[in-house]
Amino acid sequence: MANHKSALKRIRTNEAKRLTNRYQHKTTRNAIKKLREMEKAKDAQAFLPSVVSMIDKLAKKNVIHANKAANLKSGLTKHVASL
């Protein structure tokens, strides 16, 4: 267990950030699945910008790697274009 006040605070803040990151990551994964399951091109094109925005936010906060974000966005854009 931590002995210093700052270390105890660090434990609290790390846990809060971990939970926030987990929630945002899971929400983004669900949105990606939802986008991939869409059948109508119009709906998918309308939903794509919000998913891309979510992915960018995760990459900005280093929840996912920047290259992974680029790969996801590329794949989703190709998928929507093929509908």
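Per my numbering, the very first residue in the sequence shown carries number 4; after that it's consecutive.
Just so you know, even glycine gets a beta-carbon here, dropped at the ideal spot from N, CA and C.
Since this is a predicted model, take the numbers as computed values, not measurements.
Residue i - containing alpha helix (DSSP H), residue span
i   : result
H28 : 8-40
I58 : 44-63
V83 : 69-85
Chain-order list of residues whose beta-carbon lies under 7 Å from that of residue i (same chain, five-residue window excluded)
i   : result
V54 : A34, I35, L38, L79
A5  : L11, I14
Close Cβ partners of residue i (< 6 Å) along its chain, the five nearest in sequence each way excluded
i   : result
F50 : L38
I67 : L61
### Message
Check whether the stretch 30-50 and the stretch 4-15 touch, using three or more Cβ-Cβ pairs below 8 Å as the test.
### Response
no
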